[in-house]
Amino acid sequence: MNSEQQIVDYFHHFHAHPEVSWREVETTKKLAAIMTELGVKHHTFPDVTGLIAEIGEGPEVIAMRADIDALWQEVDGTLQANHSCGHDANMAMVLGALLYLKDETLTKRVRFIFQPAEELGNGSLSMIELGAIDEVSQLYGVHLRPIEELPFGQVTPALHHGSGIFLRGKIQGVDAHGARPHQGKNAIDVIAAIHQFVKSIYFSPFESYSAKLTHIQTGGDSLNIIPGAAKFALDVRSQSNGLMIELQQKISDGFTAIAKLHDVEITFEWTDYTPAAEVSETAMHIADAAIRQTLGDEATAPPIQTTGADDFHFYTIKKPELHAAMIGIGADLTPGLHHPMMSFNLKALDIGARVLANIAKHK
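All residue numbers for the sequence shown refer to the working numbering, where the first residue is 1 and numbers rise by one.
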């Protein structure tokens, strides 16, 4: 079997066996089995899913990272794990790079990081604690891009992701009879105030940002009860880490004012923070050269600014001297990332693998 077909077979296996964050047990076992079959030294961890492998010799270490978890979402009316974010493709492309490199005479070490729990925004932190980027001077990620960002055959040397964070909150008011609203403190009124408030947050239009309600839970089956309690959540995003700090402060101050206005208690916590990209010019130029070598100048797209988030960027936040970039692969991906029926041109997998392999061979 040639490498291109093997890469597609890897993809089909992982696509058919998705596992959600921190539960990627069988995925990790499959990755370990592949490494054993290829004769590549690797190790797993007793308490964390994921795997690290390494080939080559020499004092310099560069690394490639693939995220391995799936989403939990409704597909054809059934809630299930689903690789609609393309992490099955990311694994296949990084494994493909390994296939192309394993028989090369390398003057450096190339490390392959298969990281859990990207969808929760903190899997990279576990890999950092486990030593995944110890000694590493360069780190490269890879991800398929939706068709509106990048068509098939085009590759960008850098994705400038934004920052993202979730807020989980609770409202505690007072229940009341539907005929006596003056005796209660209606949590739905507070939710409506929160909705209007987050829509009225403004910063400079030259930098993208957003805050929106993504979850509301309140009331019961009795329609004549005004609910006093509610749970809610926000998805908050910004293109820079500095603006994210300002957004969080603005939202916190607003909730204090809304709670006072409605005479209720609002409690909340920020969770699953993902930092904005800190892209290395050095890594971006190396990736650019590898794309041109692999596909030619006409296939090399400029860097892309995207509002999506990825915990890949914790690696550079925690190790600022690390030269890192995430490569975007055009794949005619539709209808979009995280759509339960997401699909793409499978020929993009070999393109991504060959670009990564040429990055590793860069002098």
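Note that CB positions come from ideal geometry on N, CA and C, so glycine has one too. Nothing here was measured: the structure is a model prediction, and the numbers come from that model.
No residue range can be given for Gly-184, since it is assigned to no alpha helix (DSSP H) and is classified by DSSP as neither H nor E.
The beta carbon of Lys-319 is closer than 7 Å to those of Ile-133 in its chain, skipping five residues each way along the sequence. In this structure Tyr-273 touches Gly-121 by the C-beta definition: roughly 6 Å separates them, less than 8 Å. With a beta-carbon spacing of about 5 Å, Ile-147 and Thr-334 fall inside the 8 Å limit used to define contacts.
Distance from the CA of Lys-102 to the CA of Ala-287, rounded to the nearest whole angstrom, comes to 20 Å.
Cβ-Cβ separation between Val-94 and Leu-356: approximately 7 Å, consistent with a contact (criterion under 8 Å). For Tyr-202, there is no enclosing beta strand (DSSP E), as DSSP marks it with neither H nor E. Secondary structure of Ala-176 (DSSP, three-state): strand. If you draw a straight line from the Cα of Ile-317 to the Cα of Leu-261, it is about 39 Å long. Inclusion of Glu-119 and Ser-21 in the CB contact set at 8 Å is warranted, their separation being smaller than that value. Secondary structure in the stretch 115-183: the alpha helix (DSSP H) runs of 4 residues or longer, each lying completely within the stretch, are 123-129 in chain order.
Taken through DSSP and simplified to helix, strand or coil, Thr-256 comes out as helix. Distance from the CA of Asn-90 to the CA of Ile-165, rounded to the nearest whole angstrom, comes to 23 Å. For Val-94, the enclosing alpha helix (DSSP H) covers residues 87-101. Taking the C-beta atoms as reference points, Ser-238 is found nearer than 8 Å to Leu-247.
A check of alpha carbon separations from Glu-60 across Gly-86, Val-110, Val-8 and Arg-168 identifies Val-110 as the nearest. Here the alpha carbon of Glu-269 sits roughly 46 Å from the alpha carbon of Gly-39. Distance check between Asn-82 and each of Ala-331, Phe-14, Thr-300 and Ile-291 places Phe-14 closest, using alpha-carbon atoms only. Contact annotation: Ser-280 and Ala-309 have beta-carbon atoms that are not nearer than 8 Å. Secondary structure in the stretch 284-319: the alpha helix (DSSP H) runs of 4 residues or longer, each lying completely within the stretch, are 314-318 in chain order. Rounded to whole angstroms, the Cβ separation of Asn-186 and Ala-290 is 58 Å, and the two are not in contact under 8 Å.
Scanning the stretch 3-70 for uninterrupted alpha helix (DSSP H) segments of 4 residues or longer gives 3-16 and 25-38, listed from N- to C-terminal end.
It is roughly 10 Å from the alpha-carbon of Ile-201 to the alpha-carbon of Gly-254. Per the coordinates, the alpha-carbon of Gln-80 lies some 19 Å from the alpha-carbon of Asp-67.
DSSP places Asp-189 in the helix class (H, G or I) of the three-state scheme. Excluding five sequence positions before and after Asp-263, the CB atoms of its chain that fall closer than 7 Å to its own CB belong to Lys-185, given in chain order. Looking from the CA of Glu-207, the closest CA among Gly-162, His-177, Met-1 and Lys-199 belongs to Gly-162.
For Gly-328, the enclosing beta strand (DSSP E) stretches over residues 323-333. Secondary structure note for Ala-353: it is in no beta strand (DSSP E), and the uninterrupted alpha helix (DSSP H) holding it is 347-360.
Collapsing the DSSP output to three states places Leu-247 in a helix. Listed in chain order, the non-local C-beta contacts of Met-341 below 7 Å within the same chain comprise Pro-335, local neighbours out to five positions each way being set aside.
Leaving aside the five residues that flank Leu-322 on each side, the residues in its chain whose CB is nearer than 8 Å to its CB run, in chain order, Ile-133, Val-136, Ser-137, Gln-138, Leu-139, Ser-280, Tyr-315 and Thr-316.
For Gly-228, the closest alpha carbon among the candidates Asp-235, Phe-197, Gln-172 and Gly-220 is that of Gln-172. When the Cα atoms are used, Gly-169 and Ser-210 turn out to be separated by approximately 18 Å.
Per DSSP, the beta-bridge partners of Glu-265 are Gln-172. The beta-carbon separation of Pro-116 and Asp-47, rounded to 11 Å, does not stay under the 8 Å limit for a contact.
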